[in-house]
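Residue numbers (our numbering): 966 to 1241.
Accompanying notes for the structure given below.
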Ligand code: ATR
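Spelled out as structure tokens, the structure:
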């Protein structure tokens, strides 16, 4: 008899690794739980959130393209969701839906576990100004990063994001840098961490406008949120330069562990999913 049901909504959803992560944990631990995937078009989101309250769902994850569009349907949101502007975890409590964002903390947790990196007092270069960047800027600000350089193909988006996050985290110095090797090269020796938050790297793609990673100092860490492939072009290049690297799979794993804790108050000993 299934006692708890969880799930994930998104479009597309077939590629989501969350059902695999959760269901194999439930099986291994003999837990009478089930994690389902819901393929949901944007137009059906309202109908889903109205109906799901009667299904016995404990909670669900939210992925592309619903992380932002779910917000108006939630009865309450965590303060982090308000700043990030996106929720990836929803708790169904009686008739109420409560939204959280575990991507942000999941990223920091994974970075700390895998590399020992603590953002406090550090200089960090963030590439990208989309939703993933917002979650990462939030967690870096919260963990006391000293200085964050933000660069993006579309500069206006980086400027907007920078203004916004400056207000939320006045102790962190945010600065926009043009996405061009001549502007980025002088920064490279000064930064402790370089993070790619864009989709560049997916399926073997790479950046054209980054200076050589050899310009980074030898203790710098290169982090990529892309996990398909596990070792992206950027990480390959970093490894070639003998730099410490951090891939995207850990963020996926830790955001799930944090979501499970929010849903149940318990720790999930999830295994990293297999990436094809
Ligand atoms: P997500 O929510 O996953 O972050 P998004 O909000 O669509 O997705 O943001 C994608 C990010 O990847 C943006 O910063 C985008 O740059 P633009 O703002 O210029 O669109 C960046 N991006 C996507 N493809 C890129 C490419 N080929 N080169 C550089 N940046 C790219």
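Idealized CB from N, CA, C, for every residue including glycine.
- Just measuring C-alpha positions, the residue of 1009, 1022, 1053 sitting nearest residue 1029 is 1053.
- For residue 1114, the beta-bridge partners assigned by DSSP are 1090, 1140.
- Residue 1226 sits in a helix when the DSSP states are folded into three classes.
- As summarised for the stretch 1159-1211, the continuous beta strand (DSSP E) elements at least 3 residues long and confined to that stretch are 1186-1189, 1209-1211, given in chain order.
- Taking C-alpha positions only, residue 1187 is separated from residue 1105 by approximately 15 Å.
- By the beta-carbon neighbour count (other beta carbons within 10 angstroms, threshold 16), residue 1032 is buried.
- When DSSP states are grouped into helix, strand and coil, residue 1046 belongs to the helix group.
- Going by beta carbons, residue 1049 and residue 1103 fall inside the 7 Å limit.
- The beta carbon of residue 1086 is closer than 6 Å to those of 1111 in its chain, skipping five residues each way along the sequence.
- Shortest Cα-Cα distance from residue 1127 to any of 1091, 977, 1072, 1081 involves 1091.
- Using a cutoff of 6 Å, the CB of residue 1184 does not count as near the ligand ATR, since none of the ligand's heavy atoms is closer than that.
- When beta bridges are read from the DSSP output, residue 1056 appears opposite 1024, 1063.
- Per the DSSP secondary-structure output, residue 998 pairs in a beta bridge with 969.
- Selection 980, 1231, 1225, 1216 evaluated against residue 1237 yields 1216 as nearest (Cα-Cα).
- Following the DSSP letters along the chain, one finds residue 1129 inside the alpha helix (DSSP H) bounded by residues 1120-1133.
- In summary, residue 995 is exposed, with fewer than 16 beta-carbon neighbours lying within 10 Å of its beta-carbon over all protein chains present.
- In the three-state scheme derived from DSSP, where H, G and I count as helix and E and B as strand, residue 1041 is classed as strand.
- In terms of Cβ geometry, residue 972 and residue 1025 form a close pair [threshold 7 Å].
- Here residue 1180 is near residue 1153, since their CB atoms are less than 7 Å apart.
- Judged by DSSP secondary structure, residue 1235 falls outside any alpha helix (DSSP H); it is assigned neither H nor E.
- In this chain, the alpha helix (DSSP H) harbouring residue 987 covers 983-993.
- Taking 7 Å as the cut-off, the beta carbon of residue 1117 is found closer than this to the beta carbon of residue 1093.
- Comparing C-alpha distances from residue 997 to each of 989, 967, 1005 shows the shortest one belongs to 967.
- Residue 1166 has its Cβ no nearer than 6 Å to any heavy atom of the ligand ATR.
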